[in-house]
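Here is the structure we will look at, set down as structure tokens.
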Amino acid sequence: MSLAAIKERLNLYEKLMRLDKPIGTLLLLWPTLWALWLSSNGQPDWVVVWVFALGTLLMRSAGCVINDYADRDFDKHVERTRERPLTAGRVSTREALALFAFLCLLAFVLVLVLGKPLVIWLSIPAVFLAASYPFTKRFFAIPQAYLGIAFGFGIPMAYAAHLGSVPAEAWLLLLANVFWAVAYDTEYAMVDRNDDLRIGIKTSAITFGRFDVAAVMLCYAATLVLVARVGAAYGMGWPFLAGLAAAALMMGVHYTWIRGRERMACFKAFLHNNWVGGSIFAGIALDFLLR
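Per our numbering, the very first residue in the sequence shown carries number 36; after that it's consecutive.
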């Protein structure tokens, strides 16, 4: 194979892994960082932080690959996705599955590097969640809730890495992430609602129907309440509350964007959730820093 052909193949794999679209990695990374800082009282083991950051990138990439494999026959009917490499036939299903397995293997090697038994055990359901999520869109009314568990499973793993156990606060934080994921991925699903209705995929935007905007805002509110509850358990002060207030303000702005249910405005709100996660993390990190 020529150098040009290899380069073209790698470019296709990059698109299949969505490395050109980092929003998914960031939405996966922020709650993991919340957990890493909280579980270490603001003094995380930096080896653990780098392992989790790289693991986040690898598992999000693996999730994108298996998602495109699962949706390859659906994506050709959706305007936004019909040119994805697997759907367009530029990457074979065998290549996609091999790439998924390779990425999962690399992530597992990182887990082994940490040498934490509980983290190793938790990595098994983490891979299962990532691999099975795309198929839930066929039968779950709100697959976004399942996505929230998959995207948030770095939370109990982060606690296990620092503490060797998973306390109640970790599960509350995971629940907060479930509500957050339902909120932002409903905004995302509102973009493709007409296509999804036509091809028979189930999404929260379809399930919530005309109450979609209200459901998004209620899920945002639940996220804030649960994160605040976890913060209270750690005795967090004004910097943490300021981070939550900034996140709440952004969520209010999202309401003004999505209430008209215009595709690009909903997509804009989805992308902007990166700043929501970042503001919550900034509040947590600053609170510990100023102690």
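Ideal placement from N, C-alpha and C gives every residue a C-beta, glycine not left out.
Three-state secondary structure (DSSP) of residue i
i	result
Phe246	helix
Ala84	The residue you asked about is not Ala; residue 84 is Val in the sequence shown. In the structure shown, Val84 sits in a helix (DSSP, three-state: H, G or I).
Arg264	helix
Glu297	coil
Thr238	coil
Ile155	helix
Val226	helix
Pro66	helix
Thr258	helix
Asp220	helix
Gly231	Sequence inspection shows Asp at residue 231; the Gly mentioned does not correspond to that position. Note: Asp231 maps to helix in three-state DSSP.
Ser74	helix
Glu118	coil
Gly270	coil
Ser127	coil
Arg95	helix
Leu324	helix
Arg44	helix
Phe174	coil
Lys303	helix
Leu335	Because residue 335 is not part of the residues shown, which for the chain are 36 to 326, the question remains open.
Lys111	coil
Pro169	helix
Pro57	coil
Asp106	coil
Pro160	helix
Met26	As displayed, the chain neither begins before 36 nor continues past 326, which places residue 26 out of reach and without an answer.
Close-in-space but distant-in-sequence residues of the same chain around residue i (CB under 6 angstroms, 5 per side omitted)
i	result
Val201	Pro191, Tyr194 and Ala195
Leu141	Leu93
Ile177	Ser239 and Thr242
His289	Ala304
Leu209	Gly187 and Ile190
Own chain, CB closer than 8 angstroms to residue i, minus 5 neighbours either side, in chain order
i	result
Trp72	Pro79, Phe316, Ile319, Ala320 and Phe323
Leu164	Tyr181, Ile184, Ala185 and Phe188
Arg228	Thr238, Ala240 and Ile241
Phe214	Gly183, Cys254, Tyr255, Ala257, Thr258 and Leu261
Of the listed residues the options, nearest to residue i (C-alpha basis)
i	options	result
Val311	Gly287, Arg294 and Thr291	Gly287
Asp106	Thr258, Ile293 and Lys237	Lys237
Ala205	Phe186, Gly150 and Ser74	Ser74
Ala277	Ala263, Trp81 and Leu149	Ala263
Leu153	Gly272, Leu207 and Gly199	Gly199
Leu63	Leu138, Arg233, Ser127 and Phe188	Phe188
Leu51	Thr128, Pro66 and Ala40	Thr128
Ala216	Ala249, Asp231, Arg233 and Tyr255	Tyr255
Tyr104	Ala40, Ala133, Asn76 and Trp81	Ala133
Leu253	Ala281, Ala211, Glu297 and Val148	Ala211
Val82	Leu149, Asn76, Arg173 and Ala39	Leu149
Pro160	Cys139, Gln179 and Arg173	Cys139
Val281	His307, Arg326, Ile101 and Arg296	Sequence check: residue 281 is Ala here, not Val. Answer by Cα proximity: His307.
Ala203	Thr291, Ala70, Leu45 and Phe137	Ala70
Phe135	Arg53, Val146 and Leu207	Arg53
Proximal residues to residue i (C-beta, below 7 angstroms), its chain only, five neighbours per side dropped
i	result
Val251	Ala218, Thr221, Glu222 and Ile293
Tyr181	Tyr168, Thr171 and Phe175
Phe275	Gly266, Gly318, Ile319 and Asp322
Pro120	Leu47, Lys50, Leu51 and Val126
Phe143	Ser158
Review point. If we count Cβ pairs, one from each stretch, closer than 8 angstroms, do we get three or more for the segment 78-87 versus the segment 168-184?
Key: By the Cβ test, the segment 78-87 is not in contact with the segment 168-184, since fewer than three Cβ pairs between them sit closer than 8 angstroms.
- Message: Going residue by residue through the segment 181-210, where are the continuous alpha helix (DSSP H) segments of at least 4 residues, counting only ones entirely within it?
- Response: 189-198
Check whether the segment 91-104 and the segment 57-76 touch, using three or more Cβ-Cβ pairs below 8 angstroms as the test.
yes
Q | Contact the segment 268-277 vs the segment 231-245: 3+ CB pairs below 8 angstroms | A | The segment 268-277 makes no contact with the segment 231-245; the number of CB pairs closer than 8 angstroms stays below 3.
Fill in: Contact between the segment 295-315 and the segment 215-235 (3+ Cβ pairs under 8 angstroms)
yes
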